[in-house]
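Worksheet: the structure to be examined is printed underneath.
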Amino acid sequence: MLVKSQLAHRKPGPRAVAPGRDSPAAPAGGAARDSGPAVRPGGALMARERKRIGTVTLPGTDRSVAHARRFVREVLGPEPVADAVELCVSELVTNAVRYSASGDGGQVAIAVIADGDVIRGEVTDDGAAGSTPRVRDEPSCEGGRGMMIVDALSTRWGVTSARSGTTVWFECS
């Protein structure tokens with residue numbers, strides 16, 4: 001798959017990933033990629049297990065936002081970050097339906113992935129002509145707050161664009 005752009009947004013702090021290790025996993029339809037070995041306290045290496053715990057493809061309609069929230073709640077159960085993941089997925093599916101070709105009879109794919117104590121969400125749409133999600137810091141505007149919510153609730157997020165669509169991913173821990 002030809003990747004046109006990859007953007008990653010990280011928040012400073014102890015959970016930030018070392019340079020060179022923050023490339024996103026494959027889009028929701030592909031296999032997740034391991035980001036390298038994890039280190040146990042004391043320096044011992046341990047294998048990182050990235051596990052795809054759920055995927056769903058929904059029609060690009062407004063109704064799919066509620067279905068996406070229900071899907072996240074079902075696959076995560078009582079996970080401590082379930083509320084944050086559910087809200088981030090809801091915002092991203094809303095954006096996909098409103099601002100991409102998914103809303104014109106297309107589809108939206110959602111993946112939820114566990115990687116140690118990190119839950120990663122991926123929302124893949126059918127693509128938007130030249131549009132890239134961004135955080136809008138304009139309190140007086142009527143819309144455009146979805147990415148601000150994702151930015152506030154996630155430890156990091158990013159965008160991968162390809163011919164087949166756009167994947168917006170985020171991680172919560």
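Under the UniProt record's numbering, think of the first position of the sequence shown as 1, with each following residue one higher. Glycine included, each C-beta is placed from N, C-alpha and C at the ideal position. It should be emphasised that the depicted structure is a prediction, and the values quoted were computed from it without experimental measurement.
Under the three-state DSSP convention, the category residue i falls into
{"i": "THR94", "result": "helix"}
{"i": "residue 177", "result": "There is simply no residue 177 to check, as the chain begins at 1 and stops at 173 in what is shown."}
{"i": "ARG134", "result": "coil"}
{"i": "ASP125", "result": "strand"}
{"i": "VAL65", "result": "helix"}
{"i": "VAL81", "result": "coil"}
Nearest-angstrom Cα separation, counted from residue j out to residue i
{"i": "HIS67", "j": "GLY121", "result": "15 Å"}
{"i": "THR61", "j": "SER100", "result": "11 Å"}
{"i": "ARG134", "j": "GLU49", "result": "30 Å"}
{"i": "VAL81", "j": "VAL118", "result": "9 Å"}
{"i": "VAL89", "j": "ARG69", "result": "7 Å"}
{"i": "GLY103", "j": "ILE149", "result": "21 Å"}
{"i": "ALA162", "j": "GLN107", "result": "15 Å"}
{"i": "VAL112", "j": "PRO139", "result": "30 Å"}
{"i": "TRP169", "j": "THR55", "result": "14 Å"}
{"i": "TRP157", "j": "ASP83", "result": "17 Å"}
{"i": "VAL123", "j": "SER64", "result": "12 Å"}
{"i": "PRO59", "j": "SER164", "result": "16 Å"}
Closest residue to residue i among the options (Cα-Cα distance)
{"i": "ALA109", "options": "ASP115, ASN95 and GLY116", "result": "ASN95"}
{"i": "LEU76", "options": "LYS51, SER64 and VAL65", "result": "LYS51"}
{"i": "VAL97", "options": "ARG73, ASP83 and THR57", "result": "THR57"}
{"i": "GLY146", "options": "GLU74, GLU91, SER64 and ARG63", "result": "GLU91"}
{"i": "ALA114", "options": "LEU153, THR132 and VAL72", "result": "VAL72"}
{"i": "ALA152", "options": "CYS141, SER131, GLU171 and GLY127", "result": "GLU171"}
Bridge partners - residue i, DSSP secondary structure assignment
{"i": "GLY165", "result": "ALA162"}
{"i": "ARG120", "result": "ILE113 and GLU171"}
{"i": "VAL108", "result": "LEU58"}
Terminal residues of the alpha helix (DSSP H) in which residue i lies
{"i": "GLY146", "result": "146-153"}
Residue range of the unbroken beta strand (DSSP E) whose run includes residue i
{"i": "GLY56", "result": "Residue 56 is actually Val in this sequence, not Gly. Looking at the DSSP string, the run of the beta strand (DSSP E) that includes VAL56 is 50-59."}
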